Structure formats: C-alpha cells, structure tokens
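Next comes the structure, spelled out in structure tokens:
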C-alpha cells in the first residue's frame with residue numbers, strides 16, 4: 243500500500259501566529275514557474291514571517307509582500323486557518339498596480 247502524504251520542507255510563522263508550511267510540491271511549483279527564486283527559499287519564508295504588507299486575496303488567501311527595491315516587490319501567497327497554513331506560490335513583480343488595489347490587511351507602517 244502506498245501512503246500519500248505531503249512532505250513539508252520548511253515552516254515559518256505568520257503575523258497571526260499561525261504555523262505556515264512550505265511543501266516539497268509547492269516549492270517545486272514555485273521553482274518551475276519562477277526559476278529566479280530557486281535559491282530564495284529563505285526569502286520566501288522571511289516574507290511570510292516579517293512582511294511589509296499583507297493583502298487579502300479573492301479566495302481567502304493572503305499575500306505577504308516585501309520590497310526588494312524601489313520598484314520591485316517579493317510576493318508570497320499563502321492560506322491560513324486557526325490551526326494551520328501553507329504557502330501556495332511566490333514571485334517577484336514590478337507590476338504593482340493590481341497589488342496595491344487589493345484590501346490591505348496589515349502594514350508594518352500602521
């Protein structure tokens with residue numbers, strides 16, 4: 243019998259104090275879709291733990307955001323419940339018009 247299980251490769255804690263998991267499957271997806279992030283797993287986890295902004299998504303996901311330069315931002319999309327959470331994807335973007343139109347859930351500056 244083959245056991246199907248999700249392999250966690252790293253964890254961090256969100257601003258809400260929820261344990262957020264990064265699974266092997268999600269990390270492979272992130273690296274496949276965004277090869278420039280292959281060596282940035284630490285940055286992905288750090289962005290969830292200590293973001294500059296957190297925005298709300300359309301499907302109850304959260305977007306943790308940190309600036310990488312004046313024009314570029316690092317975005318980590320994740321979901322959390324009271325018990326658990328997981329990273330969905332991560333990417334870098336300079337196209338922030340859509341991002342800053344989202345509902346601001348939390349800001350380091352507030």
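In my numbering, the protein residues as written are 243 to 352.
Every residue gets a Cβ at the ideal spot worked out from N, C-alpha and C, and that includes glycine.
Quick caveat, the model's predicted, so the values are computed rather than measured.
Local conformation of residue i per DSSP, three classes
{"i": "residue 268", "result": "helix"}
{"i": "residue 260", "result": "coil"}
{"i": "residue 288", "result": "helix"}
{"i": "residue 321", "result": "strand"}
{"i": "residue 278", "result": "helix"}
Inter-residue CB distance, residue i and residue j (contact presumed, cutoff 8 Å)
{"i": "residue 279", "j": "residue 314", "result": "So it is not a contact: roughly 13 Å between Cβ atoms."}
{"i": "residue 263", "j": "residue 330", "result": "The Cβ separation is near 11 Å, so there is no contact."}
{"i": "residue 341", "j": "residue 297", "result": "7 Å"}
{"i": "residue 309", "j": "residue 322", "result": "That pair is no contact at about 22 Å."}
{"i": "residue 303", "j": "residue 320", "result": "7 Å"}
{"i": "residue 286", "j": "residue 260", "result": "Contact doesn't hold; Cβ gap of about 16 Å is too wide."}
{"i": "residue 328", "j": "residue 284", "result": "Not a contact, Cβ separation roughly 18 Å."}
Residue range of the unbroken beta strand (DSSP E) whose run includes residue i
{"i": "residue 354", "result": "Outside the shown range of the chain, which is 243 to 352, sits residue 354, and nothing can be said about it."}
{"i": "residue 250", "result": "250-255"}
{"i": "residue 298", "result": "295-298"}
{"i": "residue 309", "result": "304-309"}
Contact between the stretch 278-295 and the stretch 246-256 (3+ Cβ pairs under 8 Å):
Of all C-beta pairs linking the stretch 278-295 to the stretch 246-256, three or more are shorter than 8 Å, placing the two stretches in contact.
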